[in-house]
Each structure stands twice: as C-alpha cells, then as structure tokens.
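Asks: My questions will all concern the structure given below.
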Amino acid sequence: MAEHVERFNPSKELPIITYGLPYEDAIANHLTSTVKRSRPYLLVSGSLSRDTNVVDRLTKRLHTAGVEVAAVREGIRSHTLYADLLPILAEIRSTKADSIVVVGGGSLVDGAKVLSYASANGVDSHEAFETLAERSGSGGGHDVKSSEIPYMCATTTLSAGEYSSFGGATNERTHQKHLFYDPSPDAGHRVIVIDPRLTLTAPPSVWLSTGMRAVDHCVETVCSRGPKPEATATALQGIRQLIPALLRCKKDANDLDARLQAQLGAGQSMKGVVVYGVELGASHGIGHQLGPQGVPHAETTCVLLPAVLKYNARVNTDQQKLVLDTLWDEPIVAEVLVKQGKLERDTADLGDTLDVIIRVLDLPRALSHYGIGRDKLESIATLSLKDWMCKTNPVPLETVEQVVQILEQCL
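Just so you know, we're using the numbering used here here: the sequence shown kicks off at 16 and counts up by one.
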C-alpha cells in the first residue's frame, strides 16, 4: 500500500496521520522530514521489547536514516505513575534527547505527552507534578510553559490519546489521576503512525477494550451537553467504523482491514474534543478515578458507559437515538443485537445496546470483577467530583450521592 498522509485537523498543518508504510519506515521518514529531529528518546511497550523484534527493526531503520537514539525505555506501568515518569524526565535531560517516539499503548502515549509538558516546566518531583496539574486545570495555561520536545506515536491500541494534548498521570501516593493539558496550539504531538500489523502484538482484550474506549469518545461527543453538528458527524462516522470492525476482529484477530478501519475510526473519535471543543461527560470523569483502583484504563468504559447513558437519558434521549440508529443501520451490528442480545430496534435503549456489544466482545461489565465493592463507592465518588468531566456531564455531577447512584449500577 502506498503511503497516505492527512491532517488530523484540516485547518492545522500538524499533527498528521500516516498509514500505508511499515511503522519503522514511517517513523524514520517523518522524524527527520516532518518533526525535524535527530536524537529521539524511544518509549516502547515492555511486551514489545521482550517478545518481538520491534525495537531492533526501529533502531536499525533509524540508524540507516542517520538518526542517533538518545535512549530506550522499555515500558511503564498502567495509569502512568509519577514514580515512573520522574526517572525518565531525568534521563531525557541527561541524554539531551530532542524528541520522543512512542511505540505501544495508551499509558506510553500519556507518558509522552506528560513528559514533554513536564520537561518544559522543570518538573523533578511529585510536588512539582502536583503544582503543574493545578496550574493546568480544565482551562489550562496558568503560569505554565508549552511543550518543547515534540513526540510522535505508533500505537498498538485504540484509546486514541495520541490525538489530543490532554495527558493523564497518577500520583501513586494519593491514588489520584490528574489530567495535564498543554494549552499551546503548537503542543508536542506531531505525527500519528498507523500500521495495522503492529497492532497484532496487542492482547485481544486490550485491543477490543481500547476500541470501546474510542467508542466512548464518540458516544459522549454525540451525547454532550453542548453538541456541535460537525463533531456529531465525525463521531457517528467513528462509530460506523469502530463497532463493526471490533466485531470483525473478535471473529478474526488477523483481519488487517478491520484493524485499519478501527484505527481510522479511533482517529474520528477524538475530533469532537480536539477539533471542535465538545465537552465529554461522566463516563470519562468517573473512569479517570477507577483506573487507580485497579480497573484498566479502557475497561472503565465497559463498566461505566451503559450506566452513565441511562443516568443521562432524561436530558439527551434524542442524541442517544442518533447513536442507536447508527448502530442498528450497520448489518453486522444489528445481527449481533438481535441474535445474541435478543434486542428489538424499537424498544432497546442505548445503554442496553452497548451492554450487549461489550458482552459479545467478552469484556468485563462489573466493578466486582476487579474486587471493588460498595464500601469503596463513596471514596471513588469523592475523587470523581474533582474531575471537570463530571461537571460537564449532561446532568452535572455535583454531589457524592449522584456519582454513587451511577456506580451502584456498575456493581
């Protein structure tokens, strides 16, 4: 396949999306020609480093292109802990790395974004991270410097964080996850490399659950408290690509066309937030605090989204119906909903419909799966209220009782 390059945001030169080339060729070409850097810090999935030749292929190709690798970091823990990021920051500074290249999943992508931002702001401790998080805030940009080290990503999953300037990191001392937002229009992300073959290395459950995370981006965009027509259109297109592709991947994990469609759909899922400024809701806001409790980042969607939709249905039924109609209009989806879910188009709501899809993908649906019981709901709710995406939920979440009401449906 010939290389295809497009702008993520039609009105901006960067970031660009590239697909059609092997990941190592795309990274080498665009690191030198688009990003214009020559000393990258490689942030690579630990499993890829241990179990594949991905790192060797990339470093050899970079060497051929005249690029000197500053250092290689093999993996970081889930939820992007401060304790993992601090030594990487020190190494980036000591090796004089001029860019970051990610090959792997969502925690690494979050890591690259936070590292680029934190490096520009002199972060060197847990306390400095907390200060930067406070200054970033939902509006961003209070006495902060913009990212200086550009990054590019070749991802193996579908969470789609590589498309935004928001990066999540967790203070493992308090178990609270913070969102860091670089307010600059020229934030660090530059190139998103799509290679379906690279995604074959992701465990099936990770691939499918991160796909549902991208679906969550789409659904909460359409069902936002402030929907925008352009954002709704791109989100519905993302749903048309993502859910049929995920069902195909469940049947045949080696279906490369389905994987490519899922990756392209994941890109569409982020346009509502990044390009059009649509606000997301409680599936994201509460989900950010389930992660530190042991729920994998993407699986928070599988647990929360149906319950959040049911809670919000009182104010956005018409928006939810747009998603419902889109799903039922896809033959492969409709067949699953009828044959395996025993649903009827005229009576099923969106929460029940997504519940069936999540179960067909064999993904977890309950907090109890992770050992989270009723005794932890109030503390999770208290932390969730600090996340601005709970405030921008279609039904604003302002009390612990509201959040607990949603969480109780997820036990």
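No residue lacks a Cβ here, since even glycine has one placed at the ideal position from N, Cα and C.
Small disclaimer: the values here were computed from a predicted structure and weren't measured.
If you count every other CB in all the chains shown that lies within 10 Å of the CB of residue 260, and 16 or more means buried, which is it?
Replies: Looking at its Cβ environment, which holds 16 or more other Cβ atoms inside 10 Å, residue 260 is buried.
Asks: Cβ atoms of residue 105 and residue 77: under 8 Å apart, would you say?
Replies: Not closer than 8 Å, so no.
Asks: Please determine, among 222, 300 and 241, the residue with the shortest C-alpha to C-alpha distance to residue 268.
Replies: Among 222, 300 and 241, the Cα nearest to that of residue 268 is on 222.
Asks: Could you tell me whether the segment 326 to 344 touches the segment 387 to 401, using the rule of 3 or more Cβ pairs below 8 Å?
Replies: Not touching, per the Cβ criterion.
Asks: Taking the alpha helix (DSSP H) that residue 19 belongs to, which residues open and close that run?
Replies: No alpha helix (DSSP H) contains residue 19, which is instead part of the beta strand (DSSP E) from 19 to 22.
Asks: Just to confirm my understanding: we take residue 28, look at its own chain, exclude 5 residues before and 5 after, and list those with CB closer than 8 Å. What are they?
Replies: For residue 28, where only same-chain residues beyond five positions count, the Cβ hits under 8 Å are 22.
Asks: Could you round the C-beta distance between residue 90 and residue 64 to whole angstroms and report it? I think they count as a contact, below 8 Å.
Replies: That belief holds up - the Cβ atoms of residue 90 and residue 64 are roughly 7 Å apart, short of 8 Å.
Asks: Taking contact to mean at least 3 C-beta pairs separated by less than 8 Å, is the segment 242 to 261 in contact with the segment 144 to 152?
Replies: No, because fewer than three Cβ pairs between the segment 242 to 261 and the segment 144 to 152 fall closer than 8 Å, the two stretches do not touch.
Asks: For a test of the three-state rule: what should DSSP assign to residue 405, helix, strand or coil?
Replies: Of the three classes helix, strand and coil, the one that applies to residue 405 here is helix, per DSSP.
Asks: Go to residue 190, then tell me how far its alpha helix (DSSP H) extends in each direction, as first and last residue.
Replies: From DSSP, residue 190 is part of no alpha helix (DSSP H); its letter is neither H nor E.
Asks: Using a Cβ-Cβ cutoff of less than 8 Å, which residues in the same chain neighbour residue 111 once the five nearest sequence positions on both sides are dropped?
Replies: Once the five neighbours on either side are set aside, the close Cβ partners of residue 111 are 54 and 85.
Asks: What ranges does the beta strand (DSSP E) occupy inside the segment 125 to 191, keeping only unbroken runs of at least 3 residues that lie completely in it?
Replies: Segments of the beta strand (DSSP E) lying fully in the segment 125 to 191: 166 to 170 and 181 to 186.
Asks: Go ahead and label residue 359 buried or exposed: buried means 16 or more other beta carbons lie within 10 angstroms of its beta carbon, across all protein chains shown.
Replies: Flag for residue 359 reads exposed.
Asks: By Cβ distance below 6 Å, which residues in the same chain neighbour residue 422 in space, the five residues on each side in sequence not counted?
Replies: Around residue 422: 392.
Asks: Please state whether DSSP places residue 204 in a helix, a strand or coil.
Replies: Three-state result, residue 204: strand.
Asks: What residue range is occupied by the uninterrupted alpha helix (DSSP H) comprising residue 321?
Replies: Element bounds for residue 321: 314 to 343.
Asks: How about residue 308 and residue 395: are their beta carbons less than 8 Å apart?
Replies: Closer than 8 Å, so yes.
Asks: Rounded to whole angstroms, what's the CA-CA distance from residue 335 to residue 48? Just pull it up for me.
Replies: For residue 335 and residue 48, the distance between alpha carbons rounds to 43 Å.
Asks: Count the other CB atoms within 10 Å of the CB of residue 329; is the residue buried (16 or more) or exposed (fewer)?
Replies: Exposed is the call here.
Asks: How far does the beta strand (DSSP E) with residue 57 in it extend, from its first residue to its last?
Replies: 55 to 59 is the extent of the beta strand (DSSP E) around residue 57.
Asks: For the candidate residues 346, 239, 312 and 332, whose alpha-carbon lies nearest to that of residue 378?
Replies: Nearest C-alpha to residue 378: 312.
Asks: Go ahead and pull the three-state DSSP assignment for residue 363.
Replies: In this structure, residue 363 counts as coil in the three-state DSSP scheme.
Asks: Would you decide whether residue 11 is buried or exposed? Buried here means 16 or more other CB atoms lie within 10 Å of its CB.
Replies: Absent from the model: residue 11. The displayed extent of the chain is 16 to 426, so no value can be given.
Asks: So, for residue 45: in the same chain, excluding its five sequence neighbours on each side, which residues have a beta-carbon less than 7 Å away from its beta-carbon?
Replies: Here the set comprises 33, 167 and 206.
Asks: Within 10 angstroms of the Cβ of residue 355, are there 16 or more other Cβ atoms? Answer buried if so, exposed if not.
Replies: By the 10 Å Cβ count, residue 355 comes out exposed.
Asks: Among 149, 208, 94 and 103, which has the Cα closest to the Cα of residue 185?
Replies: Nearest option by C-alpha distance: 94.
Asks: Following the continuous beta strand (DSSP E) through residue 383, name the residue where it begins and the one where it ends.
Replies: Taken as a continuous stretch (DSSP letters only), residue 383 belongs to no beta strand (DSSP E), as it is neither H nor E.
Asks: Could you check where the alpha helix (DSSP H) with residue 92 kicks off and where it finishes?
Replies: First-last for residue 92: undefined, no H or E at that position.
Asks: Just the Cα atoms here: how many angstroms apart are residue 315 and residue 67?
Replies: So the alpha carbons of these two residues sit roughly 28 Å apart.
Asks: If you run the structure through DSSP and keep just helix, strand and coil, what is residue 84?
Replies: Looking at residue 84 - three-state DSSP - the assignment turns out to be coil, as it is neither helix nor strand.
Asks: Could you tell me the distance, in whole angstroms, from the CA atom of residue 349 to the CA atom of residue 284?
Replies: When rounded, the distance between both Cα atoms is 21 Å.
Asks: Starting from residue 428, follow the alpha helix (DSSP H) in both directions and report where the run begins and ends.
Replies: Since the displayed the chain opens at 16 and closes at 426, residue 428 lies outside it and no answer follows.
Asks: Tell me whether residue 262 is buried or exposed, calling it buried when 16 or more other Cβ atoms sit within 10 Å of its Cβ.
Replies: With 16 or more Cβ atoms within 10 Å of its Cβ, residue 262 is classed as buried.
Asks: Where does residue 19 land, buried or exposed, given buried means 16+ other C-beta within 10 angstroms?
Replies: Answer is exposed; the Cβ neighbour count stays below 16.
Asks: Kindly indicate which residue of 279, 164 and 192 has the alpha-carbon position closest to the one of residue 172.
Replies: The candidate whose alpha carbon is nearest that of residue 172 is 279.
Asks: Would residue 189 be called buried (16 or more neighbouring beta carbons within 10 Å of its own) or exposed?
Replies: Residue 189 comes out exposed.
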